[in-house]
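Novice:
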Amino acid sequence: MAGLSTVFGSGAMSNSIEEIEDAQTLFVIGSNTTEAHPDIAIRMKKAAKNGAKLIVADPRKIPLVQYADLWLRLRPGTDIALLNSMMHVILEENLHDPSFIEERTNGFDDFSRGLKEFTPELGEKISGVPKDDIIRAARMFASSERAGIYYTLGITQHTHGTNNVFSIANLALLTGNLGKESAGVNPLRGQNNVQGACDMGCTPDVLPGYQKVTDQKVREKFEEMWGRPIPDKVGLTSTDMIGAMIDGRLKGLYVMGENSVLSHAHMSHTIQALENLDFLVVQDIFLTETAKLADVVLPAASFAEKNGTFTNTERRVQRVRKAIQSPGEALDDLTIIGMLSSRMGYDHVRKIVQATGFQALSSGGRYAYPEQAFREVCFLSPAMAGMTYLRLAEKGLQWPCPDQDHPGTPFLFKDGFPKGRADFTRVSYEPSRELPDSEYPLVLTTGRNLYQYHTGTMTRKSKAIEAVAGQAYVEISSTDAEHVGIGNSEMVTVSSRRGAVSLQARVGNIVPPGVLYMPFHYAEAPANALTNSVLDPICRIPELKVCAVKIEKSG
Amino acid sequence: MTVENKIAVHVCNGTGGMVAGGGEVLQAFKDAFAESGVKAEIGDRCSVNGVGCRGLCAREVLVDITVGDEVTTYQYIQPDMVSRLVEEHIIGGTPVEEFMVGKDYHEFLSRQKKIVLADCGRIDPEEIDAYLDVGGYSVVEKTLKTMSPDEVIQLVKKSGLRGRGGAGFPTGVKWELCAKNKADQRYIICNSDEGDPGAVPTLIEGNPHSVIEGMTIGAYAIGADMGFVYIRTEYPLAVERLKKAIDHARERGFLGQSIHGSTFDFDIRIKLGAGAFVCGEETALISSIVGERGMPRAKPPFPADEGLWGKPTIINNTETFANLPHILRNGPEWYSSIGTETSKGTKIIALTGKVRNAGLIEVPMGTTIREIVFDIGGGIPDGKLFKAVQTGGPCGGCVPQEHLDLPVDYENLARVGSMMGSGSMVVLDETDCMVNMAAFFLAFNQAESCGKCPPCRIGTKRLFEILTGIMEGRGRKGDIELLLDLSADIMDSSLCGLGMVAPNPVVSTIRYFRHEYEAHIRHKRCPAKVCRSLLTYFIRADLCRGCGVCAKGCPVGAITGIKKEPHRIDTSACVKCGACYDTCKFNAVLKE
Amino acid sequence: MINLTIDERKVSVKEGAMILDAARELEIFIPTLCYDPRLKPYGGCRLCLVEIEGMSRPVSSCTTPVAERMVVTTHNDHLYRLRRTILELLLSDHPNDCMVCERAGDCTLQDLAYFYGLRDNRFRGEMRKFEEHDANPFIQRDMNKCVLCGKCVRVCDEVMGVNAIDFAYRGLSTRISTPYEKDLDCEFCGQCMSVCPTGALTSKVWAGEGRRRMDVKYTDTICPYCGCGCNITLHSVRDRIVKVNSRADNGNKGWLCVKGRFGYEFVNSPDRLTTPLIRREKNGDLEPATWNEAISLIAGRFEDIRYKHGPDALAGLASGRVTNEENYAFQKFFRAVIGTNNIDHCARL
């Protein structure tokens, strides 16, 4: 998101899910959409059936490949080389959009100079994609009226993840594919409300509504409402927190609804960090691997047991409604935070009631019901100012929705970028940090499968899902399998410099030779025991998509 | 060398001929001519060729030996008879009387009017030059060079040609509908998915180039550059000859790019069907060509608007296409002078059943059923009485005695409750039970339902079950009305043409032979003595000699009796297998 | 716009619309089994037959586009009779075991039998008897109850592009089949089940879970899994989720994936945390505690750390799973109550 914010001044999917069906060209890169975002894949398949051109760039033969007009099987971590050489072709062949570049962007000249060296030949050399395919992809993308780019963590989980995002943004700017329907730059968010978590200011640098914590005016506005001073210093990112725990700067951690042990790179490192804390509070619906390390565990309500809102990947804020009571004494997170705040002497509600006039029930300083908190956000966050639960009731609303009469915004940047003009960024290719060598000769890349979800805390409770996808596995090409002497379904050990896991081998043609793939859902064979926690320098995302490993038959 | 000296041998190599040994006979002639003695005798005066079917497969192998203008036709020829033909007729000049066909053969042929089938059985279907020699491909060449597509359409409209697939939709009108659609691509399909042993294999085996020429004319008229022939895998010989013909046509520049030296491109591909009856329905046929299950879809849109891969498509039947070269050669006036007011030209009919000369015939529209059955077909064998003709295939209806003088055309057949359909006619005599007939056809129709719509899938099954009940003595009062009601509902509510006509055999047999149904239901009696469950076998004591053969043959031991004395059948034990009836030498076993 | 008359009422609809669409605009009820506005027109069930002036046979209104000045009749004695016959035929080849059927009360065939008062049936005869042997853990396939509307086949093809099933065989033996009649092997999105108008496709996951109870409560909410934000409807009986489906009129058009449709068991799981837990001694076990005890302990320790090491010695990890309101309150708690910007969430992972 940091990448997109830098370029456009806001970070989110620029266009809407529904628009995908009408696209002329779809460029899906680093996204196994069919398995990670099934509903969006439905739209992509429909678009392809309607005649849209579909370009898929992925090292793996993901299910979407069978609908693709062009499959670019790049080597893991070489996205920039591919994108830059595509853009080189677009410029060479004059397929760019000069008026868009002239009117709405900065930095084109410097950027285009940077592309000079990225001939399709160089692109082929680095990415392994045949140069003719690079040229075809460039033409296919640039010659269409409405071309959208769709990506997920295959782009971001690299040490050069931010640069990858810059590169994607460059492609959209170069071809003028922003500010119109069925186009744009579209990061697909992996969790039901991860977009909302960003929108709500759950990041160390911004307050709700992407308002910078370093901006004094912003802080004053929030301080006024919250009645407390807000520190002006940017906080720690989740990945930096791990380091701060290890070196003792961080003493106490409060984790709400996240299984950090399994989701962070380099698991043993994460466990060591958490164990080093003086005090760890985990609030969850299950006793997760992380909760087991806690000093206090708080039982939370599941999505079915509370009211509120989720914001999906297309910025649509939608109503979550309570269907059942929580089991035992479990409570929803809002109530728990309220209880804790009260105990620490803070009244969430008093000021906001005064400011907004929104009627509050007396509740000892806690939000009496979720819409109180929602109204507070909307009051403080201009992009959501026009939202109320009543307006969200049917189909939700997509931000920006600045006032009560605004219908919401299906696609962004129609009338310009938040920061005026968007910036081209000159991006050069850098290889991933840990590349295969004689000891660890293979590249491991990680991801999801259709059936399990994230660290499995939810899906692994489903008997039916476990019946079809209950076993951890690693995908290996038949070439490599033959070389190492591994048969399909045999147990193998995959190890990296950081750890080793034992699991079943799936031999086939989904991954290319030289690459292994593991889903990260399985606690008994956690992919993140192997991954590299080295971070992208800007957005602090670990390089989960590339690390060097070896594979052996389990003895 | 003079023409009088020329000798041509034509051996029938249609499917019927081949099965009877046509291939071997042909080889025997070739071997005989290769022999040095014979060679010295006849020099190069003599040619020998395989030819297509002339429609009388029961007499195979048929061989024509033509000396000068004199054609002698031999029947039932086998390879060992070839040497006599060569020695006595070809060398000796004296036809072999005892192998020659009889008067009925000539009657069978002379009362027909062969246009489409004219060259079948006369030219070698595997030689494109044989087709060129009879003027083939000259029409399409002239058409491409001298007529606009619209002129072709107008001409075909004027000729009055109607689709030979059964529904009889005016061909020119259909083309016009297709041609007026704006489209970047159009297709033309030859529907050769015919189940009856009729026009399709005969035409394609006997004269495949005429179909190609007809398709090319159609393609030019509607602006299609790609054609498909959808043909059953069950016709391997036709497929083989069609493949060969397409290859030859391509070699000569009659298919492919800029055909016949014009600017028009057209090529044909063969698509094999897997034998589903419903794939003759045009939308199902299209599904099958694109690789999907052959299931019809609702029309509109009609294929002429949205057909193969969504493009405007014309589907005509094989016989329709084969008519076109003749229409363009001889003009629309000539064509429309043949036939009746509403139905022009000739019709190919597969004549089978209880008839002496079963075979494939071509007659002008308007020929009466009497002429077809009695004059051409030679009447009913074994002195039995005519009962009806089932026309139009398993979805057609029957035409009874009272309509024997009905001139056959689309409207007349429909008027009497039957249809032209594929053009087949099955002759039934007094020993055929009409309930049984209806059940027989329904059994086929219900099994061939694609299953898409309930009236056809379940409705025809229920019709069949009610008929079976009637045949087995479980018929109840009201069954006839139920059959008629259900039939009407199936016809009105089914999705495609198959369901629309599938109950025809029931409706039409009830219409003309209701008394047979009533006899089955009310009196538990089958007047034609076919429905086994309703029969009683007994032995006439005055005729029985007490030989005991019947008792020995009875599988359930229901026949008892003392040697040399009349035997008896225990009807409660009898399973009505009919073995006693068949084995009694004294006609003492009767069924009632 | 095209102007036409349906049952003597004038209506104008956009070009390309089907007669059925136009009739629905007038709120005329025409029965259907195979129609679904999300799928391509099919015309298989024949229940939506209507008569058009000038046409000799009734046509299926779901496949026939409207035309200018068309005059349509949707209900008369003849059409009633045809529809009734079709239903009788369908019921003559249906187990009619509504008493034990999972779909009773939520079955189009049952509804139609009720509307048409089909107590008696003129037809009886052979019924299909297919064996059920599909071992997949999600979808119960009882092909004896199938009316062959083809919706499942079409949704699997048109929407999912998976093509796991298709028609096989002919005549009365026609059935929906997997390749070579093996066990269903697909993405298990359950779209087929969601469009099935009868009890032919139901779920093993919620079989016998009380769909038929009068006290089922329906709650529209959002799927807890990926970022697509699909709308789902939770079916609950007291405090137990018994089924999930999705309304066809929402953003995701009622389509879900295997997780969204079948992955709700975790909510009912006995492993759920039901009470606060506290580790009272270092390296001791987590033991149950009261809320009061837990909250006091946290407040005390946080204040203690803040006092000794400053607010930046504390940090919070929010979540992409909880609601906006909760995330908002959480970061507010850290910034306003604790006094640090050490707040992040899992977007990076």
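Residue numbers (our numbering), protein chains in the order written: chain A, 1 to 555; chain B, 556 to 1147; chain C, 1148 to 1496.
Ideal Cβ placement from N, Cα and C applies to all residues, glycine included.
1. Identify, in the order they occur along the chain, each residue of the same chain with its Cβ nearer than 6 angstroms to the Cβ of GLY894(B), setting aside the five sequence neighbours on each side.
2. Under 8 angstroms, with one C-beta from each stretch per pair, do the segment 460-475 of chain A and the segment 1409-1423 of chain C reach the 3-pair mark?
3. Span of the beta strand (DSSP E) holding THR1220(C)?
4. For HIS266(A) versus SER533(A), is the C-beta spacing smaller than 9 angstroms?
5. Are the segment 468-484 of chain A and the segment 501-516 of chain A in contact at 8 angstroms, needing three or more beta carbon pairs?
6. What separation, rounded to the nearest whole angstrom, lies between the Cα atoms of PRO208(A) and PHE374(A)?
7. Can you tell me whether ASP820(B) is helix, strand or coil according to DSSP?
8. Roughly how many angstroms separate the alpha carbons of ASP746(B) and LEU122(A), rounded to a whole number?
9. When you compare each of ASP987(B), ARG1012(B), GLY718(B) to MET850(B) by their alpha carbons, which one comes out closest?
10. Starting from LEU1050(B), find everything on chain C with Cβ-Cβ shorter than 8 angstroms and list it in chain order.
11. Assuming VAL656(B) and GLN630(B) are in contact, meaning their beta carbons sit under 8 angstroms apart, how far apart are those beta carbons, in whole angstroms?
12. Assign GLU836(B) to buried or exposed, taking buried as 16 or more other Cβ atoms, counted over all protein chains shown, within 10 Å of its Cβ.
13. Please confirm if the segment 227-246 of chain A is in contact with the segment 34-43 of chain A, defined as three or more CB-CB distances below 8 angstroms between the two stretches.
14. State whether the segment 1279-1290 of chain C contacts the segment 12-25 of chain A, with contact taken as three or more CB pairs (one from each stretch) at a distance under 8 angstroms.
15. Measuring alpha carbon to alpha carbon, tell me which of GLU1412(C), ASN1223(C), LEU1259(C) ends up nearest LEU1238(C).
16. Does the distance from the CB of LEU997(B) to the CB of ALA1083(B) come in under 9 angstroms?
17. Residues of chain B with a CB under 7 angstroms from the CB of LEU1229(C): which are they?
18. Residue range of the beta strand (DSSP E) that PRO1344(C) falls in?
19. Could you give the DSSP three-state label for SER478(A): helix, strand or coil?
20. Note down the Cα distance separating ARG1100(B) from ALA1134(B), rounded to an integer number of angstroms.
21. Give me the DSSP bridge partner(s) of LYS1390(C).
22. Determine the burial state of SER263(A): buried for a count of at least 16 other Cβ atoms within 10 Å of its Cβ, exposed for fewer.
23. Say whether chain B places a C-beta atom closer than 9 angstroms to the C-beta of ASP1520(C).
24. Under a CB-based cut-off of 9 angstroms, is ALA1395(C) close to chain B?
25. Specify the secondary structure class of ARG970(B) as computed by DSSP and reduced to three states.
26. How about GLY727(B) and LEU710(B): do their beta carbons lie closer than 9 angstroms?
27. According to DSSP, simplified to helix, strand and coil, what is ARG1031(B)?
28. With distances taken from CA atoms, which of ILE1312(C), ASN1291(C), LYS1292(C) is nearest ARG1301(C)?
29. Which chain B residues sit within Cβ distance under 8 angstroms of LEU1167(C)?
30. With DSSP run on the structure shown, which of helix, strand or coil describes LEU1041(B)?
31. SER1010(B) versus chain C: which residues are under 9 angstroms apart at the beta carbon?
32. First and last residue of the beta strand (DSSP E) that includes LEU997(B)?
33. Taking Cβ positions only, does GLN216(A) come closer than 9 angstroms to chain C?
34. Pop quiz: SER1063(B) and GLY753(B) are said to be a contact at Cβ under 8 angstroms. What is the actual Cβ separation, rounded to whole angstroms?
35. Closest by CA to LEU95(A), which one among ALA469(A), LYS116(A), ALA138(A), ILE62(A)?
36. Please go through the same chain and pick out, in chain order, the residues whose beta-carbon is closer than 6 angstroms to the beta-carbon of ILE1021(B), but skip the five residues on each side of it.
Specialist: So, from the data block:
1. Working through the second sequence from its first residue, we reach residue 894(B) at position 339. Sequence-distant Cβ neighbours of GLY894(B) in its own chain, meaning closer than 6 angstroms and more than five residues away, are GLY900, PRO919, MET920, GLY921.
2. Yes, the segment 460-475 of chain A touches the segment 1409-1423 of chain C.
3. By one-based count along the third sequence, residue 1220(C) stands at place 73. Segment 1218-1220, the beta strand (DSSP E) holding THR1220(C).
4. Numbered from its first residue, the first sequence carries residue 266(A) at position 266. Numbered from its first residue, the first sequence carries residue 533(A) at position 533. Contact flag set, yes.
5. A contact is defined here as three or more CB-CB pairs under 8 angstroms, and the segment 468-484 of chain A meets this definition with respect to the segment 501-516 of chain A.
6. Along the first sequence, read from residue 1 onward, the residue named residue 208(A) stands at position 208. Along the first sequence, read from residue 1 onward, the residue named residue 374(A) stands at position 374. Taking the straight line joining both Cα atoms gives about 11 angstroms.
7. The sequence position of residue 820(B) within the second sequence is 265, counting from 1. In this structure, ASP820(B) counts as coil in the three-state DSSP scheme.
8. What you label residue 746(B) is simply residue 191 of the second sequence in a count that begins at 1. What you label residue 122(A) is simply residue 122 of the first sequence in a count that begins at 1. It should be noted that the sequence gives Asn, not Asp, for residue 746(B). Those two C-alpha atoms are separated by around 55 angstroms.
9. To locate residue 850(B), count along the second sequence from 1; it is residue 295. For MET850(B), the closest C-alpha among the options ASP987(B), ARG1012(B), GLY718(B) is that of ARG1012(B).
10. Here residue 1050(B) corresponds to residue number 495 of the second sequence, with the count starting at 1. Within 8 angstroms of the CB of LEU1050(B), the CB atoms of chain C belong to GLY1190, GLY1191, ARG1193, SER1207, in sequence order along the chain.
11. Along the second sequence, one-based indexing puts residue 656(B) at 101. Along the second sequence, one-based indexing puts residue 630(B) at 75. Correct: roughly 5 angstroms between the Cβ atoms.
12. As a first step, residue 836(B) must be located in the second sequence, where it is residue number 281. Answer is buried; the Cβ neighbour count reaches 16.
13. At 8 angstroms Cβ cutoff, the stretches do not touch.
14. By the Cβ rule, the segment 1279-1290 of chain C does not count as touching the segment 12-25 of chain A, because fewer than three pairs are nearer than 8 angstroms.
15. Residue mapping note: residue 1238(C) aligns to position 91 of the third sequence, counting from 1. Across the set GLU1412(C), ASN1223(C), LEU1259(C), the C-alpha of LEU1259(C) shows the shortest separation from the C-alpha of LEU1238(C).
16. Your numbering for residue 997(B) matches position 442 in the second sequence. Your numbering for residue 1083(B) matches position 528 in the second sequence. Going by C-beta atoms, LEU997(B) is not nearer than 9 angstroms to ALA1083(B).
17. One-based indexing of the third sequence puts residue 1229(C) at position 82. The answer, in chain order, is ASP1044, ASP1047, SER1048.
18. In the third sequence, counting from the first residue as 1, residue 1344(C) sits at position 197. Boundaries for PRO1344(C): no beta strand (DSSP E) harbours it, and the DSSP string shows neither H nor E there.
19. Locating residue 478(A) in the first sequence gives position 478, where the first residue counts as 1. Residue state, collapsed to three classes: helix.
20. Here residue 1100(B) is taken as the residue at index 545 of the second sequence, counted from 1. Here residue 1134(B) is taken as the residue at index 579 of the second sequence, counted from 1. Answer to the nearest angstrom: the Cα atoms are 17 angstroms apart.
21. Position 243 of the third sequence holds residue 1390(C). Answer by DSSP bridge pairing, in chain order: HIS1382(C).
22. Position 263 of the first sequence, counting from 1, holds the residue named residue 263(A). SER263(A) comes out buried.
23. Because chain C spans 1148 through 1496 in this model, residue 1520(C) falls outside it and cannot be assessed.
24. As a working mapping, residue 1395(C) is identified with position 248 in the third sequence. For ALA1395(C), not one C-beta of chain B is nearer than 9 angstroms to its own C-beta.
25. As a first step, residue 970(B) is located in the second sequence; it is residue number 415 there, counting from the start. The answer is helix: DSSP assigns ARG970(B) an H, G or I state.
26. The residue labelled residue 727(B) in the question sits at position 172 within the second sequence. The residue labelled residue 710(B) in the question sits at position 155 within the second sequence. Yes. Within cutoff.
27. Numbered from 1 along the second sequence, position 476 holds the residue referred to as residue 1031(B). In the three-state reduction of the DSSP assignment, ARG1031(B) falls in the coil class, being assigned neither a helical nor a strand state.
28. On the third sequence, position 154 is the one that residue 1301(C) refers to. Selected option, being the one with the closest Cα: ILE1312(C).
29. Walking along the third sequence from the start, residue 1167(C) turns up at place 20. Under the 8 angstroms cutoff, chain B gives no residues; its nearest Cβ is about 12 angstroms from LEU1167(C).
30. Stepping through the second sequence from its first residue, residue 1041(B) is reached at position 486. The three-state secondary structure of LEU1041(B), taken from DSSP, is helix.
31. As a working note, residue 1010(B) is residue 455 in the second sequence. Here residue 1010(B) is Pro; the residue named in the question, Ser, does not match the sequence. Neighbours of PRO1010(B) across chain C, judged by C-beta separation under 9 angstroms: ARG1193, LEU1229, THR1232, ILE1233, LEU1236.
32. Reading the second sequence from its first residue, position 442 is the one you call residue 997(B). DSSP places LEU997(B) outside any beta strand (DSSP E); the residue lies instead in the alpha helix (DSSP H), whose first and last residues are 989-1002.
33. Indexing the first sequence from 1 puts residue 216(A) at position 216. No, GLN216(A) lies away from the interface with chain C (no Cβ there is under 9 angstroms from its Cβ).
34. The residue labelled residue 1063(B) in the question sits at position 508 within the second sequence. The residue labelled residue 753(B) in the question sits at position 198 within the second sequence. Not quite, the Cβ-Cβ distance comes to about 20 angstroms (not below 8 angstroms), so this is no contact.
35. Looking up residue 95(A) in the first sequence gives position 95. Closest by alpha carbon: ALA138(A).
36. As a first step, residue 1021(B) must be located in the second sequence, where it is residue number 466. Residues ASP1034, LEU1038 of the same chain have their beta carbon placed closer than 6 angstroms to that of ILE1021(B), with the five preceding and five following residues left out of the count.
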